[in-house]
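Taken in sequence, the protein lines are chains W and E.
So the first sequence is numbered by our numbering: it starts at 1 and just counts up by one.
So the second sequence is numbered by our numbering: it starts at 1 and just counts up by one.
Heads up, the beta-carbon is just placed ideally off N, CA and C, and yes, glycines get one too.
2 protein chains.
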Amino acid sequence: MTNSDAFFSFFTEIGILAQLSQTQFERLMPDGMTVAQFTVLNHCVRVADGRSPATLARAFQVTKATMTSTLQRLEQKGLVTIHPDPADGRSKIVRITEAGRAMREASIAATRPWFEHLRRRLDESEVAALIPRLATLRSILDADRD
Amino acid sequence: MTNSDAFFSFFTEIGILAQLSQTQFERLMPDGMTVAQFTVLNHCVRVADGRSPATLARAFQVTKATMTSTLQRLEQKGLVTIHPDPADGRSKIVRITEAGRAMREASIAATRPWFEHLRRRLDESEVAALIPRLATLRSILDADRD
DNA sequence: CCAATATAGTTTGATGTCGAACTAATGGAG
DNA sequence: CTCCATTAGTTCGACATCAAACTATATTGG
Numbered sequence: 001m002t003n004s005d006a007f008f009s010f011f012t013e014i015g016i017l018a019q020l021s022q023t024q025f026e027r028l029m030p031d032g033m034t035v036a037q038f039t040v041l042n043h044c045v046r047v048a049d050g051r052s053p054a055t056l057a058r059a060f061q062v063t064k065a066t067m068t069s070t071l072q073r074l075e076q077k078g079l080v081t082i083h084p085d086p087a088d089g090r091s092k093i094v095r096i097t098e099a100g101r102a103m104r105e106a107s108i109a110a111t112r113p114w115f116e117h118l119r120r121r122l123d124e125s126e127v128a129a130l131i132p133r134l135a136t137l138r139s140i141l142d143a144d145r146d
Numbered sequence: 001m002t003n004s005d006a007f008f009s010f011f012t013e014i015g016i017l018a019q020l021s022q023t024q025f026e027r028l029m030p031d032g033m034t035v036a037q038f039t040v041l042n043h044c045v046r047v048a049d050g051r052s053p054a055t056l057a058r059a060f061q062v063t064k065a066t067m068t069s070t071l072q073r074l075e076q077k078g079l080v081t082i083h084p085d086p087a088d089g090r091s092k093i094v095r096i097t098e099a100g101r102a103m104r105e106a107s108i109a110a111t112r113p114w115f116e117h118l119r120r121r122l123d124e125s126e127v128a129a130l131i132p133r134l135a136t137l138r139s140i141l142d143a144d145r146d
């Protein structure tokens, strides 16, 4: 552990940050809403609705098994619908419901005060400057996945 | 989601990075060793041995329940011992075993090639420069925990 | 056309993580 | 000394996540 210390320390910080932020988000969100579930709903609204589970899994860089699990819970809560894809017998189509849209909005509203709190304590442009660097790292790690 | 976009994007990147890096580490580690378990062993060697579960939980910013779970698995594998603390009837003392030390070394050796690989692709001093910023964020989030 | 390969989605089991609840012990105030 | 607040550790249930294994379907190459 000599010259690997920087990377090790870096990933340790990342791991803890991820955990703490996720926990904070989830405390604020309504009705036991989770970050994983929120990001699916958000994706449906902001990127595209009617995608397949595999496409969603790839978008978030999780396994298909993970996405199946999250989608099942969302469907159970009536926040998405999942139907067979007529164009591909193996596939499904995931669509957000009106309740899903409402839940997404409620979640955003619930976390807004926390973002404001962060913005008073941090230089947002500095945080924004970190994003492309993190994204670079992420793409390297994602490439290492296969 | 107007001026909160930077923070939201930032935490999204952090979450994915944490996941991908953890997965990569765990693929490389021997015998189903996990990052959570490794960090406990590493802490015993590099920081202090003979600490209590609560102290360890605070060090990693996880709940006591989480630490109990991880420690139980480590004990089961013979990598730590856990005994009552004679100075405090509620508390325990966690110590690393020789097998635990060996496992830590094996884990470090197993992940070394991956760190080398990262070092060939990234400017390590740039990564190192990110650490204090991440640590600042982490301390803010940690303070928000209570 | 057919066989081999790849892909989609699901299930299962293991792990980490949290919140809630609990029992037992400690520390501080009156 | 007694009582109350705090702390330590554990259990339980819910969720996300991965790997492995599986069935069904689509795609590709000969």
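Can you confirm whether residue i, when its beta carbon is compared against all beta carbons of chain W, has any partner nearer than 9 Å?
i, result
"E:Thr39", "yes"
"E:Arg58", "no"
"E:Glu26", "no"
"E:Ala18", "yes"
"E:Arg145", "yes"
"E:Ile140", "yes"
"E:Arg101", "no"
"E:Ala110", "no"
Check whether the Cβ of residue i lies closer than 8 Å to any heavy atom of the ligand SAH, and answer yes or no.
i, result
"E:Asp5", "Absence of the ligand SAH from the depicted structure is noted, as is the absence of any ligand whatsoever, leaving it without description."
Please report whether the beta-carbon of residue i lies at a distance below 9 Å from any beta-carbon of chain E.
i, result
"W:Ala135", "yes"
"W:Ile14", "yes"
"W:Arg49", "This sequence places Asp at residue 49 of chain W; Arg is not what is there. It does not; no Cβ of chain E falls within 9 Å."
"W:Ile131", "yes"
"W:Leu118", "yes"
"W:Ile82", "no"
"W:Ser69", "no"
"W:Phe7", "yes"
"W:Arg121", "yes"
In whole angstroms, what is the alpha-carbon distance linking residue i and residue j?
i, j, result
"E:Thr12", "E:Glu126", "21 Å"
"E:Arg121", "W:Ala135", "14 Å"
"E:Phe25", "E:Ile96", "21 Å"
"W:Glu75", "E:Gln19", "24 Å"
"E:Asp49", "E:Met103", "16 Å"
"W:Arg101", "W:Ser91", "24 Å"
"E:Ala36", "E:Asp5", "31 Å"
When the Cα of residue i is compared with those of the options, which residue comes out closest?
i, options, result
"W:Thr81", "W:Phe25, W:Gly15, W:Ala110 and W:Cys44", "W:Cys44"
"W:Arg46", "W:Ala128, W:Glu105 and W:Leu118", "W:Glu105"
"E:Asp202", "W:Ala87, W:Leu118, W:Ala110 and W:Leu137", "Any property of residue 202 of chain E remains undetermined from this structure, which presents chain E solely from 1 to 146."
"W:Asp88", "W:Leu118, W:Ala102, W:Arg51 and W:Gly100", "W:Arg51"
"W:Pro30", "W:Ser107, W:Ala129 and W:Leu118", "W:Ser107"
"E:Leu118", "W:Ala99, W:Ala143, W:Val94 and W:Arg112", "W:Ala143"
Are the beta-carbon atoms belonging to residue i and residue j less than 9 Å from one another?
i, j, result
"W:Leu141", "E:Ser21", "yes"
"E:Ala110", "E:Leu41", "no"
"E:Phe60", "W:Ile16", "yes"
"W:Leu56", "W:Leu71", "yes"
"W:Pro84", "W:Met67", "no"
"W:Phe7", "E:Phe10", "no"
"W:Arg145", "E:Thr39", "no"
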